Structure formats: C-alpha cells, structure tokens
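**Q**
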Amino acid sequence: MRLAAASLVAVAAFLASCGPETITLPTPPMAAETQQLVALYDMPTATLDTSNIDKVRTDAQARLDELNLDWLPGVVSDLLVKLRTRLDDGSLPTDPAAQPQARRAQITAVAEIQRICVGWDNPASAPDQATNGSLNLTAIVDTGRINAEAWATATACRVRFPAADNSGAIVVTPSVVMATLDGTLIIYLLAPLPTDPAQASFLLTFSGSISRGDQMRSASFDFEVVNKSVRFRVPANGGDAIVTVGTTLGIQGANAGFSCDLTTLTCQKSS
Amino acid sequence: MLAIALAAATLVAASPARAQTAAEPTPTTTPEPAAPPPAPTPSTSTTTTTEGGTTTTVETTTVNGPPAETATVHAPPPAAVPPPEENIPKLDERTAFMVGRNTLKLGILAFEYGILRQLSVGSDPPAWAARAVVDVWVPNVHLKYQILDRDPVWLAVLGAVYYARLDGRQDVSGHLINAPLSLFATFKVHPRIHLHAEGAYIFARLEGSGDLSRVQWNGGAPLRAGQVGLMAQFRISRIVSLTATGRYQFYVADIPFNATTTTDPYTTATVTGQLVPGFRHPWEVIGGVAVLWKQFHMIVGGGYGYYFLPGLDIPNTSRTFVPDLSLAVVL
Chain A
2 MRLAAASLVA VAAFLASCGP ETITLPTPPM AAETQQLVAL YDMPTATLDT
52 SNIDKVRTDA QARLDELNLD WLPGVVSDLL VKLRTRLDDG SLPTDPAAQP
102 QARRAQITAV AEIQRICVGW DNPASAPDQA TNGSLNLTAI VDTGRINAEA
152 WATATACRVR FPAADNSGAI VVTPSVVMAT LDGTLIIYLL APLPTDPAQA
202 SFLLTFSGSI SRGDQMRSAS FDFEVVNKSV RFRVPANGGD AIVTVGTTLG
252 IQGANAGFSC DLTTLTCQKS S
Chain Z
19 MLAIALAAAT LVAASPARAQ TAAEPTPTTT PEPAAPPPAP TPSTSTTTTT
69 EGGTTTTVET TTVNGPPAET ATVHAPPPAA VPPPEENIPK LDERTAFMVG
119 RNTLKLGILA FEYGILRQLS VGSDPPAWAA RAVVDVWVPN VHLKYQILDR
169 DPVWLAVLGA VYYARLDGRQ DVSGHLINAP LSLFATFKVH PRIHLHAEGA
219 YIFARLEGSG DLSRVQWNGG APLRAGQVGL MAQFRISRIV SLTATGRYQF
269 YVADIPFNAT TTTDPYTTAT VTGQLVPGFR HPWEVIGGVA VLWKQFHMIV
319 GGGYGYYFLP GLDIPNTSRT FVPDLSLAVV L
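Residue numbers (this note's numbering), protein chains in the order written: chain A, 2 to 272; chain Z, 19 to 349.
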C-alpha cells in the first residue's frame, strides 16, 4: 500500500514538473523604421516646385535603374503566395488588418518558408540549393493576427527573368536577366497575403548586394507594390518624394504632385 | 495535484487500508448488573431492555440462595434492521468506490472489470464511438486503483491513456496521446450523504507532420490542464440518490505545435507555435438522479456549462446544455 502511495507521489511529481513550453516570437528587424517608411509613402515630405522637379525626375530615373523592378517584385510576390498557401492550409490568419475573433482559441506562431531558388537554367533544373541558393522567409502570427512585417534572407539566390518555361525549349533572349540576390528583404504587407502574385501589395526594403551578369553592386533601397503599380522614394529638398511608375512618372511631394513624360522629359503639375 | 497525492500518502502511511466491507451489525446480549442481595422468600422478577435494535428480557428467580438466571433473546423483525453498507450499491463512476472484484460492468460510458477488490481495468466506449462522426480511432484503456478504504474516507486513483492516429486525411500524419490522471476522494459526511471530490491532470501530446495543426485547432483540446470536480450524493432510498455535480478547469497550458510541409519541390514550410485557448476556465454544473440497482445502474441528469467529454475530460468550446446519461449493467 505504501508502495502504491509512493508511486502516486512520483507520478504526480512528474506531471507537476511538466511545465508549459512557450514560444518566444522573434522580433521583426527594423520594425520602427519600417513603420515610419510606410507612413512616409502615405505622406511624402519633399517640397516640390517647378524649379526642382526636373532634378527630382532625373534622380527618379537613375533610381529606377537600381531597383530591379523588372524582376524583384515578382520574386517577393511569389514568396508571399507560398506563405499564403501554407497559412491557409493551417487555417492561420493571412490579413494583417483582420481582428481575431473574441473568445476563440488564438494562435501564436512563427512560419518559416524556405524556397530554393529556381536558378538560371531554362528549363528549370531540379531543386539544388547549393547551386541556386535560397530564400528564407519568416512571418509571425501574434495572438491570432499576422504581423504585417515579414522578413527574408536571400543567400546566393539565382533568379532568372523571364522565368524559365517548362516546355523544354531552350530560348536564348538577349533581354534575359540572370541575377544573384544576397541580403535582407523586409516585407511589409499592405493588404492580405496574395493567393496570386498579381494581387500582392507590399513595401519592400532591401539591403545587400545584387549581381547581374558579371556586375555586382551593393544596394539599399525600398519600393512599394500597390494595386499592380510600383512606387519608390526619391530624396528631394531635405525630404522624400514618392514616385509612381506607369506610362508616366508620377511624383508626389508634400505640397504638390507632378506628372513627368519620360519621352519628352517634361513634367506637368497635376495636383 | 501533488499536494493531494502527498496527503493521500500520509493517510495511507498513518493507517493501513482494510477491507471495504463494513462490519455487519450483530445481535448482542446485554448482561444485567449484579442481582440485589438474596431475599428470604422465593421471588421472580422480569427485566426488559432494548439496545441496538435487540430486545433482551431477563427473568430472575430467587429461592433461598443465590439467584439463578435465565435469559431469552427476541430477535427484532427483519424490516427493522438497517441495510448493511455493503448491500447498498455504490456509485462507482467518478468516485473513489470500486466496481468490485470479479465484477464486469458494461455501460455506455465505461466498460469496467474488477480484477481485484481494489483494482479494476476498463475502457470508454464513447471514445471508440467517436469513429462514427470523425475519421479517427481512439482506442483507450484505464486502470483504477483504490489506495484507501477507511470509512468514512475512500481514495482512488485512475489513470487512462487515449490514443488517436490522425492519418485519416491525406495531409495529416501523426498521433495524439491523451493521458488524464485523476485522484478521487469520497467522504461520507452523513449516512445518506457522500461527497465525491476529484482532481484531474490531463496531459496530452500531439506528434507528427503535415497539417496536424488544423486538426488540433478545430478540436481545441488542451494538452495540459488541471481540473477539479465535486459531486454531492444524497441517498433518498436504498437505490435512489440525488446528485449535484460541478466541474471546473482551473489551469490550462498553451498548446505547442510544430508542423513541417513540403508544398512543392522547391518549398518547405515550417510552422512552430502555440495555441492559446480562448476560454481558459470552462465549467459545468449538473443535477441528476442516480438509480443504482444491484445489476443495473442508471444516472440521468442535465445541467449547463462547457460540456466535458466523458473520460477524455476535454471541454467544449462554448456554453450549452450539458446532458448526463449513464446506463450500465453489472454482472
């Protein structure tokens, strides 16, 4: 009988020692700075007038060449779609603006997506992380709500644009971009995670290096993709103007907006 | 929980358990006090006393010497004898009472077989029956051991293991083990009133890969929880009792999970996290009637609160009517 009691005590002590395993969420990098950047895109700070708009346009065109807008937004959008797929499979939240339901079980989680880059081959070769590099995306869900900021690390990630087709035909096109991405990408969601790359809306801050062909350069920039249009920031007059890329360049300052024709290189005040 | 176990150990150490059978009341003969000094003439006297339901008549005849005594004992009518405790069927579900040695109990909430007087083994049919509504088998077994039988206090411990293989869906692979451990303490506070207390620790572990999280999140099963329960049983007749039951979950831990999936040949996704229960302290209150014939037990009742799945002790996620029905045949 005493043995039974002792066994009971031992079992109870064992169970009592089984404390909860709590998860510690990682801190998003540069969270405060990213928030400020989002606010800046909504409220530009540069003072624009006809005397300085041409310089701003020239700076914007030079900046445009550094942003790799022909392929980099696609890489990020594709990554976000993969994240959305995984979160949907787990019934996890995908909209940073959605309020969690009250009195329901809430999830706190870290989602990590490791995506082996497709590489430069056309057609794409089998997944080969050693050769083609990878992108590692981290997103956090805090008490039932996805944090708007996700971040990724690119490690020797080889990207081909246009994307390799799967038809088996080898097409050699002079305009094919073969880039290698190394660095940190901070992605701030401006809308729910997309189910289709074309639906993605986000702010991207990149810091690292990008190689195109045999040229490698360090880069640090940011841009927004909103409703299929791209916006980026250009310093001007001690502030920042926001440039919207389209058939024309829209340049928005704190006090005025201009529309610049890239053919005639002239700007007209629009607001 | 630990404190309760330590208290149990102390009680056991202080007094070894004895057989659960209550001592049968036996008729007793009460001797009369010493007779008075002898009288010079023969005389006869009769004394009648009643004690413990037994009537004793003593006739004393004295003839010039020490008195000679004859005693006649009249047994009371059978109906006047209170039923021995052992003959009153015990409520053995969620109490410290046992089903009995070599006794098989087949019920809708539990199959139970008494291996020894103080040890029984069983299984819960509802968990097996879950297969009818969800694509999961839940085989389970439990052991109940009575560690103290010292009227008016009884103590018993019940350990159970529930296993669920979660591979009914294409994107799920893994298993769930749920192991509730309960300590029951029964106190007879009055010949007709028993208090049945319970402390339970529910430990479960979910392991595997794939979208286990989805299964888990929809179920809302706590992986570590502490619950207490109390049932008051008022016996209004030999077989019929009124019961009032309450149950409260005083502790629940967040539920950790980890799932890795490969969504395409280039992409691997890992989700690591924890589920924070939306309501940490579910409760239920139930009133009912227990009818305990020797070979048939029936408990019927109803209440309100968060329904706790019988055996598994997993609470529902919303407040609702709480049914309580248990039917069992005792062989």
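Heads up, the beta-carbon is just placed ideally off N, CA and C, and yes, glycines get one too.
The structure presented is a predicted model; accordingly, all values stated were derived computationally and were not measured.
1. Less than 8 angstroms separating the beta-carbons of V76(A) and L204(A)?
2. Using the beta-carbon of each residue, which ones in chain Z are nearer than 7 angstroms to I114(A)?
3. Closest by CA to A250(Z), which one among A215(Z), D167(Z) and V171(Z)?
4. Which of helix, strand or coil does DSSP assign to R58(A)?
5. Helix, strand or coil, according to DSSP, for R87(A) in the structure here?
6. By the criterion of Cβ-Cβ separation under 7 angstroms, what are the contact partners of P295(Z) in chain A?
7. Which ranges would you report for the beta strand (DSSP E) in the segment 125–172 of chain A if only whole runs of at least 3 residues count?
8. Using 8 angstroms as the limit for Cβ to Cβ distance, is R87(A) near chain Z?
9. What residues in its chain sit with their C-beta under 7 angstroms from that of G247(A), if we drop five residues either side in the sequence?
10. Residues in its own chain within less than 6 angstroms of G276(Z) by CB, not counting five upstream and five downstream?
11. Considering only residues of the same chain and omitting the five flanking positions on each side of D110(Z), which have a CB-CB separation below 7 angstroms?
12. Would you kindly work out how many angstroms separate the C-alpha atoms of G319(Z) and D142(Z), rounded to a whole number?
13. For A41(Z), is the classification buried or exposed, using 16 other Cβ atoms within 10 angstroms of its Cβ as the cut-off for buried?
14. In the segment 106–128 of chain Z, which residues sit with their C-beta less than 9 angstroms from some C-beta in chain A, listed in chain order?
15. Which runs of the alpha helix (DSSP H) spanning at least 4 residues fall entirely within the segment 230–299 of chain Z, listed in chain order?
16. Tell me the rounded alpha-carbon separation between V207(Z) and W172(Z).
17. Going by the CB atoms, is the gap between T144(A) and V294(Z) shorter than 8 angstroms?
18. So, with DSSP's three-state summary, where would you put T25(A)?
19. State yes or no: is the beta carbon of Q292(Z) nearer than 8 angstroms to at least one beta carbon in chain A?
20. My understanding is that L241(Z) touches I211(Z), with C-beta atoms under 8 angstroms, so please give their C-beta distance in whole angstroms.
21. Is it true that the CB of R213(A) sits closer than 8 angstroms to the CB of V178(A)?
22. By Cβ distance, which residues of its chain are closer than 6 angstroms to W121(A), with the 5 residues on each side in sequence left out?
23. Does the beta-carbon distance from L248(Z) to L201(Z) come in below 8 angstroms?
24. Skipping 5 residues on each side, what residues in its chain have a beta carbon closer than 8 angstroms to that of G240(A)?
25. Excluding the five sequence neighbours on either side, which residues of its own chain have a C-beta within less than 8 angstroms of the C-beta of Q62(A), listed in chain order?
26. I need the straight-line Cα distance from S202(A) to K162(Z), nearest angstrom please.
27. When the Cα atoms are used, what is the spatial distance from S92(A) to A203(Z)?
28. Compile a chain-ordered list of the residues in the segment 189–210 of chain A whose CB is closer than 9 angstroms to at least one CB of chain Z.
29. Is the beta carbon of A112(A) less than 8 angstroms from the beta carbon of A287(Z)?
30. Along the chain, where does the beta strand (DSSP E) containing V119(A) start, and where does it finish?
31. So if I threshold CB-CB distances at 7 angstroms, which residues from the segment 224–241 of chain A count as touching chain Z?
32. Kindly indicate which residue of A164(A), L191(A), F207(A) and D197(A) has the alpha-carbon position closest to the one of D183(A).
33. Which chain A residues sit within Cβ distance under 7 angstroms of T338(Z)?
34. Who are N158(Z)'s beta bridge partners in DSSP?
**A** Taking the definition as stated:
1. no
2. T285 and A287
3. A215(Z)
4. helix
5. helix
6. A106
7. 135–143 and 150–162
8. yes
9. S230
10. As written in the sequence, residue 276(Z) is Asn, which differs from the Gly given in the question. Closer than 6 angstroms at Cβ, skipping near neighbours: T290.
11. M116 and V117
12. 19 angstroms
13. In this predicted model, A41(Z) has a pLDDT of only 35, less than 50, meaning its place in the structure is not dependable; the value taken from the coordinates is given anyway. It counts as exposed.
14. none
15. 230–237
16. 12 angstroms
17. yes
18. coil
19. yes
20. Not quite, the Cβ-Cβ distance comes to about 37 angstroms (not below 8 angstroms), so this is no contact.
21. yes
22. R159, R161 and M179
23. no
24. P45, T46, A47, T48, G254 and A255
25. L250 and L263
26. 60 angstroms
27. 42 angstroms
28. none
29. yes
30. Where V119(A) is concerned, there is no enclosing beta strand (DSSP E), given that its DSSP letter is neither H nor E.
31. none
32. F207(A)
33. What T338(Z) touches in chain A: nothing, since even the nearest Cβ is about 14 angstroms away.
34. Y180(Z)
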